[in-house]
Structure formats: C-alpha cells, structure tokens
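S.K.: The listed protein sequences correspond, in order, to chains S and H. Using the working numbering, the first residue of the first sequence is number 642, and each one after it goes up by one. Using the working numbering, the first residue of the second sequence is number 7, and each one after it goes up by one.
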Amino acid sequence: MDDQGCPRCKTTKYRNPSLKLMVNVCGHTLCESCVDMLFVRGSGSCVQCNTPLRKSNFRVQLFEDPAIDKEVEIRKKVLKIYNKREFDFPTLKEYNDYLEQMEDIVYNLTNNSDVEKTKQMMEQYQRENRDVIQRNKVKLTREQEELEEILLLEQQNIEQRRLETLQEEQRQLQAKRKNKQALLDELESSQLPAALLLAKHKDRASQLETQIEKQKQNVKPTNIFSTGIMMGQTVSLAPVTRVEEVLYVYQPIHIDTYGPPIPELEQLGRLGYLNHVRTASLMDQAGGYTSGLACHRAVQDAFSGLFL
Amino acid sequence: MKLNIDGLLVYFPYDYIYPEQYSYMLELKRTLDAKGHGVLEMPSGTGKTISLLSLIVAYQTTFPLEVTKLIYCSRTVPEIEKVVEELRKLMDYYAKETGAKSNFLALALSSRKNLCIHPEVSSLRFGKEVDGKCHSLTASYIRAQRHSNPAQPVCNFYEEFDSVGRQVPIPSGIYNLDDLKDFGRRKGWCPYFVARYSILHANIVVYSYHYLLDPKIADLVSKELAKKSVVVFDEAHNIDNVCIDSMSVNITRRTLDRSQANVETLQNTINRIKETDAAKLKEEYRRLVEGLKEANVARETDIYLSNPVLPDEILKEAIPGSIRTAEHFVGFMKRFLEYLKSRLRIHHVVQESAPQFLKDIFEKVCIDRKPLRFCAERLRSLLRTLEIADIADFSAITLISHFATLVSTYSKGFTIIIEPFEDRTPTIANPVLHFSCMDPSIAIKPVFGRFQSVIITSGTLSPLDIYPRILDFRPVTVASFTMTLARTCLCPLIVGRGNDQVAMTSKFETREDFAVIRNYGNLLLEMSAIVPDGIVAFFTSYIYMENIVASWYEQAILENIQRNKLIFIETQDAAETSMALEKYQEACENGRGAILLSVARGKVSEGIDFVHHFGRAVIMFGVPYVYTQSRILKARLEYLRDQFQIRENDFLTFDAMRHAAQCVGRAIRGKTDYGLLIFADKRYARADKRGKLPRWIQEHLTDGSLNLTIDETVQLSKHFLRQMAQPFRREDQLGLSLLTLEQLQSEDMLKKIAKIAQQA
C-alpha cells in the first residue's frame with residue numbers, strides 16, 4: 642500500500658499519507674495535484690499512453706491495481722446494456738452462454754484487443770434489443786431481490802429487538818422502583834420489625850427477578866403470518882412458470898340399469914307406450930311438459946333392476 | 007467378566023468393574039436401542055472408553071444388522087492410540103473367551119504426516135508440506151504423465167496399493183498407526199490410502215474430529231460411511247468450538263498478498279498452456295459448459311481441495327457462464343481480491359452480515375452471488391486442469407475461494423467482522439477480516455442427520471442441557487454419572503477471602519488490586535508448605551499471569567515459595583512449555599516438589615494429565631471467562647440469544663465453568679488418585695456458578711467449604727491430606743467403588759447403581 646505513488650511526480654503514499662490517486666478511463670494513475678496541474682483546461686492526454694482524457698472523468702482510485710478500476714468502470718457500462726435476466730432465456734445454458742459473451746466483451750475492452758470490433762458489436766446489440774434493455778433497466782435480478790429482502794428483514798429484526806429491549810428495561814425499572822417505594826412506605830407505617838420487612842422485600846425482589854427471567858424466555862416474536870408468509874416480505878414478482886398438463890376430456894357416463902334396454906324418449910310414441918298415458922292438456926304443455934316425459938320416467942323405473 | 011446389560015451379553019476385559027461403568031453401559035444401550043443421540047457425562051478416570059467400546063462391540067456382534075460400524079472420534083493422536091490399545095485388550099479378551107478369532111477390523115486413521123512411509127516425503131516436518139509432496143507424487147494427472155514419461159517420479163507405495171491393494175481387503179485385526187505403517191511396509195502399500203480405503207468396510211474406525219466435522223475433509227473421507235453407524239465424540243466438551251472453527255475463515259493482509267501471487271502464477275500457467283497445450287483448456291471448458299461433474303474415480307488422491315458444504319441442487323447445476331473460461335475466472339478472482347484489499351484498508355471496525363457484504367460487492371465490483379458460490383468448485387477444476395503439482399503454495403487462494411463460497415451460500419449464522427488492528431495494539435495496523443461462524447449446529451448438522459446414533463461424551467459436560475441447545479439436536483438420553491468412591495478422594499474448596507478478609511476475585515475492577523494479588527500469593531505460599539509433591543495453578547490469561555508473577559516477585563512472595571517448591575511457568579511457546587512440563591515432572595518425581603503456573607484454555611489445561619503425585623492440588627485463580635470484548639464473541643452471543651434463547655451471561659458462565667472444571671479435573675485421573683481442588687474466587691460460591699460445575703464436583707462441595715479464608719483452607723487441606731496419606735488398597739475399594747461380578751449382581755447394588763445416573 643505504502644509503495645503506491647504517482648508515476649509523474651513520484652510522491653508515494655508513504656511520504657504523503659494524504660496523497661489522493663486518481664484514475665481515468667485508460668487505467669493509468671495520477672495524483673490529484675498532477676491532475677489539477679496538467680488538466681487546467683479540462684482536457685488533455687494521458688502521460689503514459691497519450692489517450693485523450695477529460696478532467697471530469699478522473700475518479701479516486703479505489704483499488705490497488707488501477708486496471709481493476711478501469712475494468713469495473715467498463716463492466717458497469719457494459720452491464721447497463723447487457724442487462725438481460727435469467728428468465729429472458731428459455732434455458733440456463735443459453736443464459737450462461739450470454740454471460741460468457743458479456744464477459745468476453747469486458748475482457749476485450751479492458752485489455753485493448755479488438756476494441757473497435759467489440760464496440761461495434763455492442764452498438765449493434767443495443768440497437769437490436771432496445772426495448773428489452775429499457776424494460777430491464779428498472780428490474781433487479783432475482784438474486785438481488787432476494788438479498789434486498791433478507792436485508793430488509795434483518796433491519797426490521799434489529800429495530801424490533803431494540804424496541805423490545807428498551808421497553809423491557811423500562812418495565813423492569815418501573816417495577817423495581819415501585820417495589821422500593823412499597824418498602825419505604827411499609828417501613829414508615831408498619832408496626833412489624835424492620836428485619837422482617839426487609840426480608841419480605843428481598844423475597845419480593847427475587848420473585849420479581851424470576852418473573853422477569855421467565856418473561857424473557859417466553860418472548861419469541863412471531864414474524865410469520867398464519868399462511869406461512871413472512872411479515873413485511875415483498876413478494877417477488879417474477880412471472881409464474883407455466884404448468885404444462887393434459888387437458889380435460891369429457892367422457893359420457895355409462896349407467897348400468899340391470900334390465901332390458903330402455904327405449905329412447907323420441908321412440909315412445911312409435912312403440913305405442915304413449916297410448917296408455919293421459920295426454921297432456923294445453924295447460925300442462927305451457928310449462929314445457931309432454932306426456933312422453935312422465936312415460937319415459939315410468940318405463941325407466943319399471944325396466945331397471947329386472948335382471949337382478 | 008461377562009455382563010448382562012439389559013439382556014445384552016457384554017464381554018468386559020477386566021475382572022473388576024466400577025458401578026458407574028455399569029450404569030453408563032445401561033444408558034448407552036438404551037440410546038442404541040432407541041436409535042437416537044445421547045449426551046453422557048462421566049468423570050475422567052472412571053473408564054469411559056472401555057465401557058463405550060465393550061458395549062458397542064457387544065451390540066455390533068449381537069445385532070450385526072442394527073449397528074454396522076462404530077466411528078470413534080477423539081481429539082489428539084495420543085488419545086487415538088489409547089483408544090486403540092483399549093480396543094486391543096477387549097479383542098484379546100474376546101478371543102480368549104470365545105476361543106475363535108473374531109473377524110473384527112478396527113483401525114485408526116490420521117493425517118499423511120503420521121502415516122506416510124515414503125522415505126523422502128515422511129522426512130518433511132510440517133503436515134502441509136507432507137500433503138503437498140504426497141500430492142505431487144500421487145495426483146491422478148501426475149500418474150497419467152508417467153505413462154508417457156517414465157522419468158516422472160511417483161510414489162511406489164501408492165502405485166502398488168492402487169494396482170493390487172484394492173482387490174485384497176486388509177486382514178481383520180486391530181491396527182493402530184504403527185501397525186498400519188508396518189503393514190504398509192510389509193506389503194509395500196501406502197498405509198494412508200490403505201486406511202482411507204479400508205474405513206469403508208472396517209467395523210471400528212478411530213480418527214480425529216475433523217474427519218467428520220470439517221466439511222472440507224469430511225466430504226472426501228467420511229462420505230460413504232453407512233447410516234447405521236454409531237458415532238462417538240469423546241472429550242466433546244469443546245465440540246461447539248471445533249464446529250465453529252471448521253467453518254470460519256480469517257483473512258489477513260498476508261493471505262491476500264499470497265493469493266495475489268497465486269493468481270499471477272495461475273495466469274502465467276494459463277498463458278503457457280495456451281501456447282503449448284490449448285486442447286486441455288478447451289476440454290475443461292467443454293466439460294464446464296456441459297455441467298459435467300468430474301469423474302469421481304480420480305478424486306481420491308486430490309483431496310486438498312474440496313468445496314465446503316454446498317447444497318446438492320447447486321452442485322448439480324452448471325458453472326455460471328461468467329467464470330467458465332480460465333481467463334475470465336482469473337479476472338474474477340483478481341477483482342475479488344482487489345475488493346477484499348480495499349475492504350481491509352479501513353480505519354475503524356466494521357461488522358456486517360453476509361447479505362450486506364454481497365450487496366456491497368455487487369455495487370463495487372459487479373460480482374454476482376452465483377459465480378461466488380461456484381468459486382471453490384471452479385478453482386479446483388482449474389488447478390486440476392493446469393496440473394499444478396506443488397499445491398501447498400496455493401493454500402492462500404484456496405482459502406479465499408472457500409470464503410467466497412461460504413459467504414454466498416449462507417445468509418444466516420455467519421458474520422463478517424473487519425478489524426483494522428488488534429485490540430491490544432491499536433497503533434499497529436494489522437487488518438483482519440474474520441468470517442466467523444456463529445452457529446455450531448451448521449457444521450454438525452449433517453452428522454446428526456446422517457448417522458443413527460451420535461454419542462457426545464466427556465468428563466465435563468455440565469450443564470447438560472446446553473449442548474443439545476447450541477448444537478440443535480434432540481437427544482434421547484441425557485445423563486450425568488457420579489464417581490462412586492470408597493473414600494472422598496477429592497476435596498473441592500472455594501476460597502473467597504484472604505486472612506485480612508479482603509475478597510479474592512479476578513473481577514475486572516479488583517484484579518489489579520494489591521491486596522488481591524497478595525492474597526493470591528499467600529494462598530499459593532501456604533499451600534506450597536503443606537501439599538506434597540506437585541501443585542498446578544491456573545490463571546485466567548497469560549497477561550494476568552505475567553502481571554501477578556511480576557508483582558509476587560516484587561513482594562518477595564516468589565522467593566518464599568521457592569523455599570518450598572520449584573516454580574515452572576507455561577508460556578505461549580509450545581517447545582518451552584513442554585520443556586517446563588518435563589522438568590516439573592522430574593521435580594515431582596524426585597521429591598523436591600514443584601509448582602506449575604499455567605493458563606486456563608492453554609495447552610496444559612486441555613491435554614495434559616497430572617496423575618497421582620504430579621498433581622496433588624490444583625488452584626484455579628479467578629474465573630476463566632473468555633475475553634468478552636472480542637467482537638466475534640459478542641456477535642456469537644447475540645446470535646445465541648436471538649436464535650436459541652440462551653442469554654449472554656448464561657453462556658459466558660457456562661463457558662467459564664466448563665474450562666474451570668476442565669482445569670481442575672486434570673488432577674483426579676482415577677479412584678486411587680486424590681487431590682485438592684481449590685477455586686480461588688469468591689464468585690464460585692454463588693449458586694449460578696456452583697450449579698454449573700459437573701455433578702461429581704458439586705457432590706463434594708458442602709456448605710462448609712464455601713467462601714473460606716486462607717487459614718481455614720489450610721486447616722481443611724491438612725486434614726484432608728492426612729486422611730489421604732493413609733494406605734489404600736484394592737480391598738478397601740472392593741464392594742463399594744469396585745465390583746466383582748457377584749457383587750454387581752447383588753440386589754441392593756443394582757438398586758444403588760440405578761441412582762448413579764442422573765437424567766437431566
């Protein structure tokens with residue numbers, strides 16, 4: 642750490658602990674004062690690689706290896722474009738291929754190989770997938786969502802615990818104070834000897850202690866709804882996976898009557914069954930009744946179960 | 007003798023038995039019958055090991071289908087050897103009684119360092135070097151290279167084993183480490199791999215905790231052990247710490263620098279291979295694309311790198327695309343390292359949870375959770391592909407990759423603490439990233455889930471109910487056994503005050519008090535005058551010991567003590583300590599008498615026994631609390647409170663008391679032994695502390711032995727020592743604490759035995 646220094650003015654962290662190293666898109670370092678001096682006009686070129694740079698693009702170097710700073714910078718840019726999620730792909734394998742492709746792009750850009758070609762590729766990709774990129778911009782990946790959830794839960798727990806302990810402490814304090822006051826009152830008013838009262842007080846105090854202990858052990862906050870969903874959980878909104886299943890096919894029921902075949906409703910008249918049945922009056926027919934219905938019913942009754 | 011334990015015929019290789027051993031076996035039998043887990047506490051020196059072995063072996067022979075294997079885990083190599091020797095006695099007895107040679111196979115397994123017989127490799131001093139060298143001779147690709155290049159050195163012992171040894175099982179018998187080596191030399195086979203291979207069909211395996219608990223090792227060594235095994239953790243009072251250590255990672259600036267060098271080596275190797283043998287990288291790439299797992303066959307010799315516990319469904323998935331090619335992976339590791347470096351460059355302490363860390367790493371260097379999870383797996387694959395022989399060098403990057411995998415896999419039970427400097431030296435920058443596991447149940451869960459019965463046993467497990475809670479399991483038997491004694495051979499005393507009535511305590515506020523230090527000194531001085539032979543004194547920490555001894559020197563207390571006995575001091579240096587220990591024993595041996603000043607939680611308090619005249623009195627100065635300001639401890643306490651409803655104070659006291667009991671228990675190693683156990687702190691007299699001592703100590707703590715002054719202590723001790731100095735023969739014990747078979751079977755003895763076990 643101490644041997645890091647500015648390549649231009651040769652100051653090291655050891656000699657000047659407050660030295661601030663800056664890094665730009667090309668991945669070469671300069672200290673803050675050199676940056677101020679060289680880039681007075683707001684732009685200039687890198688001392689080491691002659692890349693044209695802007696002063697506003699200088700950032701404080703976070704990592705020991707400036708190449709990592711550069712890579713992270715590039716990666717963040719690439720990630721903004723290549724932001725497809727796992728569920729945008731039909732299989733895991735394709736997603737993995739996609740990840741690798743992205744990794745390749747970052748690698749090429751950081752190591753300055755095929756920069757032009759890669760940039761073209763990126764632009765093309767950006768054009769082709771504009772809407773997907775836009776859509777995914779606001780979405781987090783599922784894993785990040787999970788993480789956020791856990792973090793939220795953690796915070797809630799901590800907060801809850803803090804409140805609980807605070808309340809508990811106050812309650813205890815109050816109880817103790819009350820107890821003490823009671824003792825003083827008793828000592829004032831009671832006729833009993835003081836030793837007895839003191840002993841009583843001690844007894845009560847120890848009882849109080851045990852009570853508190855018990856309460857402490859009993860308290861176990863529920864943070865689960867009766868449905869099993871955690872309280873305060875944000876339900877993740879990833880699309881539900883479609884369930885593939887066989888469609889329902891209707892099959893007419895077959896009833897075994899254990900008797901001779903029953904003539905159909907339409908055939909009753911032809912077969913002469915209706916001759917023995919009272920014909921329906923006009924009034925009956927108004928409700929949709931025909932004499933065939935009753936007859937059919939009676940025949941069904943009569944025929945079924947004959948073979949048993 | 008042959009015993010009838012609840013209907014089971016048990017061969018016991020001795021003519022006499024302690025009543026508590028019988029009781030212990032009864033409980034153990036019940037546990038095995040129920041196919042559940044058990045927590046059993048029995049004082050050391052009462053023959054735990056032989057009781058365990060004889061019962062389980064009997065159970066195995068009677069019900070060979072119920073229990074197929076005994077896995078006996080111990081902590082150190084000498085302990086492993088002791089177990090094997092007991093087992094040998096038992097088996098000899100079996101052979102004598104039944105007349106037939108049994109076909110039992112029992113063996114001990116240890117690291118390569120203890121088992122290697124290769125002339126060059128075994129001469130190396132450190133375990134890591136031996137592993138690395140062995141690997142460079144036996145790795146699958148090295149052996150493959152030999153086909154094309156006969157000059158490539160390989161290990162002949164392994165080659166021999168590989169070609170012949172697998173078909174022929176090792177003959178039945180009892181093998182300790184030396185026996186295995188002998189066997190290996192005779193056959194020309196590598197003993198280490200013979201043992202590794204044979205544990206699969208052995209009836210009894212004796213090895214170290216780590217082979218089961220450390221996920222990095224357990225996955226390879228103990229993966230295929232049958233469910234119907236009985237697992238025994240002996241001396242398990244520290245098992246939670248072992249579990250935690252096996253899952254925690256500490257990263258210093260040095261680790262990072264070495265990993266940086268590793269990454270550069272990797273990159274250079276990749277570039278070189280790309281020019282010479284690009285096909286190899288392509289082949290690896292193809293395999294990763296298809297998500298194929300490496301063939302299991304080749305893995306046996308490549309054990310140095312196994313990923314920490316990962317859920318199976320993740321391992322089945324293919325490696326994510328972003329780290330599939332070698333260059334991308336190296337770039338990924340570089341970014342990760344740089345990120346860690348930037349995190350270590352802080353000026354104040356940071357504590358965060360795993361999700362927070364993941365979020366931050368995504369924001370800073372765009373690393374997703376998924377590739378991190380596969381980091382260990384990917385690194386292993388790369389190292390194999392690059393055929394890097396000298397693997398010991400890559401331990402740093404391996405550690406980092408394990409960290410990456412763990413941090414992205416577990417969102418609960420872990421915490422990340424970054425400290426810019428040590429608490430004691432706030433001016434020296436020495437940043438450390440602790441990734442610390444707070445939940446011992448994570449590491450031990452697979453063990454409880456996988457095996458039918460797990461027995462946790464030790465001399466000091468009190469309070470018994472806390473172990474099931476912190477390890478998160480449900481035992482079927484929880485029992486504590488007392489020591490039956492023909493004479494009260496232990497005399498615990500709690501000294502609370504000096505002769506000047508000033509309270510003696512190592513409490514933070516008063517520990518530097520002159521009066522306290524002087525009283526401690528006087529106590530030791532008085533005791534040195536009346537106790538014969540050896541005295542062991544334990545302090546709460548090295549620093550405290552140094553302060554006190556310096557102060558004693560100024561007050562000329564040391565000078566006075568030295569008139570009575572020689573003084574030896576334990577230091578943090580292992581070699582120095584073992585030297586001091588040796589001289590201490592010499593001084594006890596020739597009657598000069600000696601005092602050993604040592605530290606609770608140190609080497610002496612954990613593994614060294616002071617039998618008979620080596621320890622006639624143990625003095626525990628103060629209550630050995632852990633350093634409570636440590637952030638890791640604080641985080642763990644918080645976690646225990648939230649998850650298991652164990653309060654901070656309960657846990658701290660429990661931890662302090664188990665160490666105190668462990669220290670004090672060093673002196674009593676059997677029934678003929680005797681010793682004074684002096685607790686020099688008034689806080690021991692409190693009910694909450696006293697109640698957490700093991701039952702066998704509590705039983706002898708009467709109200710008369712609490713809160714004594716030094717004078718009273720001297721009186722009681724004199725009386726006790728005079729009593730103990732009377733001759734004591736086996737006949738005095740017989741019928742009380744030592745039983746023959748007939749005595750054991752008598753009606754009222756059985757009734758008495760029923761009282762020994764106390765169910766928690």
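Think of the CB as a built atom: it goes at the ideal place given N, C-alpha and C, for glycine as much as any other residue.
Assuming His408 of chain H and Glu744 of chain S make a contact with CB atoms under 8 Å, what is their CB distance in whole Å?
M.R.: At roughly 23 Å, the Cβ-Cβ gap does not stay under 8 Å, so His408 of chain H and Glu744 of chain S are not in contact.
S.K.: So who's on the other strand from Pro10 of chain H, going by DSSP bridges?
M.R.: Strictly speaking, residue 10 of chain H in this sequence is Asn, with Pro absent from that position. Answer is H:Leu15, bridged to Asn10 of chain H.
S.K.: Report all residues from its chain with a CB closer than 6 Å to the CB of Arg695 of chain S; omit the five preceding and five following residues, and keep chain order.
M.R.: Ser684
S.K.: Between which residues of its own chain and Leu470 of chain H is the CB-CB distance below 7 Å, once the five residues before and five after are set aside?
M.R.: Val45, Glu47, Val484, Ser486 and Ala766
S.K.: Thinking C-alpha only, which one of H:Ile176, H:Ser116 and H:Thr144 is nearest Glu87 of chain H?
M.R.: Ranking H:Ile176, H:Ser116 and H:Thr144 by Cα distance to Glu87 of chain H puts H:Ser116 first.
S.K.: Compare the C-alpha of Arg118 of chain H against each of H:Cys79, H:Val200 and H:Thr67 and name the closest.
M.R.: H:Val200
S.K.: Among the residues of its own chain, which have a CB less than 7 Å from the CB of Cys936 of chain S, if the five just before and after it don't count?
M.R.: Leu909, Tyr914, Leu915 and Val918
S.K.: Taking the alpha-carbon of Val605 of chain H as reference, which of H:Phe574, H:Gln591, H:Arg598 and H:Cys594 has the nearest alpha-carbon?
M.R.: Nearest C-alpha to Val605 of chain H: H:Phe574.
S.K.: Could you please give the first and the last residue of the uninterrupted beta strand (DSSP E) stretch that includes Glu827 of chain S?
M.R.: Secondary structure note for Glu827 of chain S: it is in no beta strand (DSSP E), and the uninterrupted alpha helix (DSSP H) holding it is Arg783 to Ser830.
S.K.: Could you tell me if Gln799 of chain S is buried or exposed, where buried requires 16 or more neighbouring beta carbons within 10 angstroms of its beta carbon?
M.R.: In the sequence as presented, Gln is not what sits at residue 799 of chain S; that position holds Ile. Per the 10 Å Cβ criterion, exposed.
S.K.: For the putative contact between Phe380 of chain H and Ile325 of chain H, defined by C-beta atoms under 8 Å, what is the C-beta separation to the nearest angstrom?
M.R.: 5 Å
S.K.: Is it buried or exposed, Asp240 of chain H, if we count other Cβ atoms within 10 angstroms and call 16 or more buried?
M.R.: Around the beta carbon of Asp240 of chain H, 16 or more other beta carbons sit within 10 angstroms, so the residue counts as buried.
S.K.: Rounded to the nearest angstrom, how far is the Cβ of Leu111 of chain H from that of Ala208 of chain H, given a contact under 8 Å?
M.R.: 5 Å
S.K.: What residue does the alpha helix (DSSP H) around Ala667 of chain H start on, and which one ends it?
M.R.: Glu654 to Val670
S.K.: Tell me the rounded alpha-carbon separation between Leu96 of chain H and Lys107 of chain H.
M.R.: 12 Å
S.K.: List in chain order: all unbroken alpha helix (DSSP H) runs of 4+ residues lying wholly within the region 659-701 of chain S.
M.R.: Runs of the alpha helix (DSSP H) inside the region 659-701 of chain S: 673-679.
S.K.: So Ser50 of chain H and Arg675 of chain H are in contact, right, with Cβ under 8 Å, and what is the actual spacing, rounded?
M.R.: Rounded, the Cβ-Cβ distance is 6 Å, consistent with contact.
S.K.: Phe704 of chain S: which of H:Ile523, H:Ser584, H:His243 and H:Leu346 sits nearest, CA to CA?
M.R.: H:Leu346
S.K.: List, in chain order, every chain H residue whose beta-carbon is nearer than 9 Å to that of Tyr739 of chain S.
M.R.: Per Cβ cutoff of 9 Å: Gly327.
S.K.: On the criterion of 16 or more Cβ atoms from any shown chain inside 10 Å, does His440 of chain H qualify as buried, or is it exposed?
M.R.: buried
S.K.: Does the count of Cβ pairs from the region 693-705 of chain H and the region 505-523 of chain H closer than 8 Å reach three?
M.R.: The region 693-705 of chain H is not in contact with the region 505-523 of chain H.
S.K.: Whole alpha helix (DSSP H) runs in the region 101-178 of chain H with 4 or more residues, listed along the chain?
M.R.: Listed in chain order, they are 118-121, 133-144, 146-154 and 162-166.
S.K.: Using a Cβ distance threshold of 8 Å, determine whether the region 604-624 of chain H contacts the region 653-670 of chain H, with at least three qualifying pairs required.
M.R.: yes
S.K.: Who pairs with His842 of chain S in a beta bridge, going by DSSP?
M.R.: Bridge pairing for His842 of chain S: absent [DSSP].
S.K.: Does the contact criterion of 3 or more C-beta pairs under 8 Å hold for the region 412-424 of chain H versus the region 352-372 of chain H?
M.R.: yes
S.K.: For Val713 of chain S, go through chain H and note every residue whose CB falls closer than 8 Å to its CB, in chain order.
M.R.: Arg341, Lys370, Val371 and Cys372
S.K.: DSSP on Glu241 of chain H, reduced to helix/strand/coil?
M.R.: coil
S.K.: Would you report the Cα separation of Ile309 of chain H and Lys75 of chain H, rounded to the nearest angstrom?
M.R.: For Ile309 of chain H, the pLDDT reaches just 38, beneath the cut-off of 50, and the residue's location in the model is therefore unreliable, leaving the point undetermined.
S.K.: May I have the straight-line CA-CA distance separating Thr433 of chain H from Asn120 of chain H, to the nearest angstrom?
M.R.: Thr433 of chain H and Asn120 of chain H: Cα-Cα distance of roughly 42 Å.
S.K.: Measure the CB-CB distance between Thr751 of chain S and Ile791 of chain S and report whether it falls below 9 Å.
M.R.: no
S.K.: Val211 of chain H: buried (16+ other C-beta within 10 angstroms of its C-beta) or exposed?
M.R.: buried
S.K.: Residues of chain H with CB closer than 8 Å to the CB of Tyr655 of chain S, please, in chain order.
M.R.: Within 8 Å Cβ-Cβ: nothing; Tyr655 of chain S doesn't reach chain H, min ~13 Å.
S.K.: Could you list the residues in the region 423-455 of chain H with a C-beta less than 8 Å from some C-beta on chain S, going in chain order?
M.R.: none
S.K.: Can you tell me which of the three DSSP states Lys75 of chain H falls into?
M.R.: Strand.
S.K.: Look up Met489 of chain H in the DSSP assignment and say whether it is helix, strand or coil.
M.R.: coil
S.K.: Which value, in whole angstroms, describes the spacing of the CA atoms of Gln645 of chain S and Leu671 of chain S?
M.R.: 11 Å
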